[in-house]
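Residue numbers (our numbering), protein chains in the order written: chain A, 20 to 383; chain B, 7 to 158.
Idealized CB from N, CA, C, for every residue including glycine.
In this text, all values refer to a predicted model and were calculated from it rather than measured experimentally.
Working notes for the structure below.
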């Protein structure tokens, strides 16, 4: 049986129509008068039409709903070569269902036949995507409301715990018990200060400098009498850390400041406590230093106790090491987290373990 | 009003708070600081009664009150009586949304010692004395001075 011979023009046209017909996305090929040359099977399925019925029909008259001013303007601009490509979004009532949100993207085809204008129109049905987006936005709003409610309850609960601890501290006849209860109260308030910041900012991250400043204000208000001449100050970078990390950092600062206030300034000695947090990439160092009486001679661990064990445990949780360094005068406690080794530091930053943020770090 | 009715500072306060332990502790701390605190209340109606009878210098009002009463609605009535309100609530966003009926907000969880400082600051500011530094944690709503005149 002889194989039929086709002209190259017929082959090219046939290939074009086959490509359009096979397109998985709804696709139309129009001529310069906006008559439908071909439609993809996916287009016909999506809009419930027969490919043979619409071939040669005027596109905009095929469906009344398609004939929107936006789409007409778009196609006219492309036919008259005022625009090569453009998009148009519209709401179209499908013959088999509810209103659909469609995006029509039209392109003027650039090919060898300059006389015959051909326009390719791709139609995307974004109804479900829009519904998903709306649904996700609703879910996010709902989550936001729930988060606010949880935070409100956490704030209330922390307030009740703090009130009970303070009440017990004020009514107990034992000085020692009172001191322990006040320490416990300060620990709760350390978490409370963080919770207040998270609640106010609405973010999951915390600006460390603001958090430590708030902590120090609380500690100063509850532990430093007017007659005392002790100041608390916060220095360092404007770092931002995750809420769960800042809880541990805040508790460490609370313990170390309480420790310094208890032991570093006996007999009305005046002085200063400084909290300093600096980071360098993923590495960070937290220092609490005072200019008090310093560690006793011989290095006896007079400051060992619950506070010390809390600091050790939290540092371990943060994969950080604790170093106590005698100063002249006073004591410095460093909590250092070294995740990756740093190279090519400037000489001055080498002498000071961490000074500025820089991406110039490599894995060890 | 005798000295024992006004405390050593000569100033009077009212606390409207549905958490009894929180309210009691706050009252005791403020009384130790020299303020006279009127009967603790936890609902709108009883708080309004105390406010009308006692005319406190400042009302500390939680937003969520007992019996589903709303502290913001109470604050509107207190403002109409010329009583300045500071919100003491963990609902910061709601407190902000009602900044026209209160002069400030001290969000929970607050430290009782901070609250004493905040109350002193607010009372001094209401008298036109702005020499004290603004306490940490206290959010001031009216930056142009404290307007507690009854609503028109």
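Identified DSSP bridge partners for residue i
i	result
residue 93/B	67/B and 111/B
residue 293/A	252/A and 308/A
residue 54/A	77/A
residue 260/A	225/A
residue 277/A	DSSP, once it has assigned bridges, lists no residue as partnering residue 277/A.
residue 108/A	122/A
residue 47/B	22/B
residue 303/A	298/A and 356/A
residue 54/B	According to DSSP, residue 54/B bridges with nothing at all.
residue 49/A	55/A and 138/A
residue 160/A	According to DSSP, which records beta bridges pairwise, residue 160/A is partnered with nothing at all.
residue 172/A	Note: residue 172/A sits in no beta bridge, so no partner.
residue 42/B	18/B
residue 127/A	138/A
Assumed close pair residue i, residue j - CB separation to whole angstroms, cut-off 8 Å
i	j	result
residue 95/B	residue 70/B	7 Å
residue 78/B	residue 92/B	About 13 Å separates the two Cβ atoms, so there is no contact after all.
residue 98/A	residue 142/A	Residue 98/A to residue 142/A, Cβ: 18 Å. No contact.
residue 304/A	residue 355/A	5 Å
residue 349/A	residue 326/A	With 8 Å as the limit, residue 349/A and residue 326/A do not qualify as a contact, their Cβ atoms being about 17 Å apart.
residue 47/A	residue 62/A	6 Å
Run of the alpha helix (DSSP H) containing residue i, from where it starts to where it stops
i	result
residue 27/A	27 to 41
residue 196/A	194 to 220
residue 24/A	Residue 24/A -> no alpha helix (DSSP H), and no H or E assigned at all.
residue 60/A	60 to 66
residue 78/B	77 to 86
residue 99/B	98 to 103
Unbroken beta strand (DSSP E) run spanning residue i, endpoints
i	result
residue 18/B	18 to 22
residue 143/A	137 to 144
residue 353/A	350 to 356
residue 88/A	Run containing residue 88/A: none in the beta strand (DSSP E); it sits in the alpha helix (DSSP H), 88 to 98.
residue 144/B	Taken as a continuous stretch (DSSP letters only), residue 144/B belongs to no beta strand (DSSP E), as it is neither H nor E.
residue 123/B	Looking at the DSSP string, residue 123/B is not in any beta strand (DSSP E); the run it does join, the alpha helix (DSSP H), is 118 to 132.
residue 344/A	340 to 345
Burial state of residue i (16 or more Cβ within 10 Å)
i	result
residue 470/A	Outside the modelled stretch of chain A, which goes from 20 to 383, sits residue 470/A, for which no answer is possible.
residue 22/A	exposed
residue 309/A	buried
residue 134/A	exposed
residue 236/A	buried
residue 225/A	buried
residue 74/B	exposed
residue 205/A	buried
residue 196/A	exposed
residue 151/A	exposed
residue 159/A	exposed
residue 22/B	buried
residue 143/B	buried
residue 56/A	buried
residue 217/A	buried
residue 18/B	buried
residue 332/A	exposed
residue 29/B	buried
residue 62/B	buried
residue 396/A	Lying before the first or after the last residue shown, residue 396/A is absent from chain A, which here runs from 20 to 383.
residue 38/A	exposed
residue 127/B	buried
residue 88/A	exposed
residue 344/A	exposed
residue 80/A	exposed
8 Å Cβ cutoff met for residue i and residue j
i	j	result
residue 330/A	residue 254/A	no
residue 85/B	residue 67/B	no
residue 241/A	residue 117/B	yes
residue 212/A	residue 230/A	yes
residue 256/A	residue 296/A	yes
residue 54/A	residue 77/A	yes
residue 182/A	residue 27/B	yes
residue 227/A	residue 276/A	no
residue 114/B	residue 175/A	yes
residue 209/A	residue 280/A	no
residue 122/B	residue 46/B	no
residue 306/A	residue 341/A	no
residue 272/A	residue 294/A	yes
residue 283/A	residue 311/A	yes
residue 89/B	residue 51/B	no
residue 129/B	residue 64/B	yes
residue 359/A	residue 302/A	yes
residue 124/A	residue 100/A	no
Interface flag, residue i vs chain E, CB-CB below 8 Å
i	result
residue 103/B	Among the protein chains in the structure shown, which are A and B, there is no chain E.
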